[in-house]
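Written out below as structure tokens is the structure these notes cover.
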Ligand code: BEZ
Ligand code: FE
């Protein structure tokens, strides 16, 4: 096309794809170009605004490292990560939720009933539940990769005072599909705000807080891997998670328990709990592999 105009630029762009044989790639590029061009036309995007947008992307690239991916964070605060999650999760199993940037591979394998809290301050919580399939059958031998912040609101990779694997653990469900552990009560924390994503939140008047949560990745042969999070029902940010991760079925309650009620066996802390604690019962349902 030698006379490219506002009205034919999208068609012209797409005509450059006529030798492309991957139909999915063509579909994605077609939709992306239509929406991107329509966005510029609809908003009458100025040169200054467009340059500012490119500057944000350039800064995101500069601040990104293997431990800190600003593009993932950008996708998270725009709601795109959660939207992709929801589009790709089918009915019947526990909802998925954002992975976030703080998962560490190769977390240490721990016995069921292990304690992650150690000497950290904060309230003790006992977390237990069952992994099962959509028909209600227990799934034995599922691996549960669990991680959270310390009570100071920092993940181990953000905090020089924590060992690499603090508050990261790998459990295997028992013959009845059950899992259990103790840890410190999760706290609210902010997503990283020292980069361009933080500037976007500030400029748009948004807060950077996430409701407190525990992260889970559950894997079992024959089932779809579930990446999810669990949130307490009394959290002040439950209705305004800055990365849109909360789903109704991921909300749990803390059940207050007296110290004497702590199980006598089955936990690393059995026999040593002298203060009241909170109990969380949370079951997880896995979808079969497609
Ligand atoms: C997290 O929960 O770890 C997280 C998720 C998205 C962005 C930042 C942190
Ligand atoms: Fe998190």
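In my numbering, the protein residues as written are 6 to 295.
A virtual CB, placed ideally from N, CA and C, is assigned to each residue, including glycine.
Measure the alpha-carbon distance for residue i versus residue j and round it to whole angstroms.
i           : j           : result
residue 42  : residue 121 : 50 Å
residue 54  : residue 92  : 31 Å
residue 74  : residue 68  : 8 Å
residue 202 : residue 266 : 45 Å
residue 194 : residue 260 : 22 Å
residue 25  : residue 168 : 50 Å
residue 187 : residue 15  : 56 Å
residue 117 : residue 82  : 35 Å
Taking a contact to mean a Cβ-Cβ separation below 8 Å, would you say residue i touches residue j in this structure?
i           : j           : result
residue 242 : residue 216 : yes
residue 250 : residue 87  : yes
residue 130 : residue 285 : yes
residue 160 : residue 236 : no
residue 98  : residue 219 : no
residue 133 : residue 191 : no
residue 175 : residue 113 : yes
residue 135 : residue 238 : no
residue 262 : residue 240 : no
residue 213 : residue 182 : no
residue 78  : residue 197 : yes
residue 255 : residue 234 : yes
What residues in its chain sit with their C-beta under 8 Å from that of residue i, if we drop five residues either side in the sequence?
i           : result
residue 293 : 138, 139, 227, 228, 229
residue 278 : 129, 264, 267
Under a Cβ-count criterion, where at least 16 other Cβ atoms within 10 Å of its own Cβ denotes burial, should residue i be classed as buried or exposed?
i           : result
residue 258 : exposed
residue 44  : exposed
residue 291 : buried
residue 245 : exposed
residue 178 : buried
residue 90  : buried
residue 271 : exposed
residue 9   : exposed
residue 151 : buried
residue 47  : exposed
residue 52  : exposed
Could you name the residues of the same chain whose beta carbon sits closer than 6 Å to that of residue i, not counting the 5 residues immediately before and after it, in chain order?
i          : result
residue 35 : 19
Report the three-state DSSP secondary structure of residue i (helix, strand or coil).
i           : result
residue 212 : coil
residue 17  : helix
residue 138 : strand
residue 73  : strand
residue 237 : strand
residue 25  : coil
residue 183 : strand
residue 122 : coil
residue 60  : helix
residue 302 : Here the chain covers residues 6 to 295 and nothing more, so residue 302 does not appear.
residue 10  : coil
residue 273 : coil
residue 96  : coil
residue 39  : helix
residue 169 : coil
residue 205 : helix
residue 53  : helix
Can you list, in chain order, the residues of its chain whose CB lies under 7 Å from that of residue i, leaving out five sequence neighbours each side?
i           : result
residue 125 : 155, 156, 189
residue 252 : 100, 102
residue 84  : 249
residue 127 : 156, 189, 190
Under a CB-based cut-off of 8 Å, is residue i close to chain B?
i          : result
residue 73 : No chain B appears in the structure shown, which is made up of a single protein chain.
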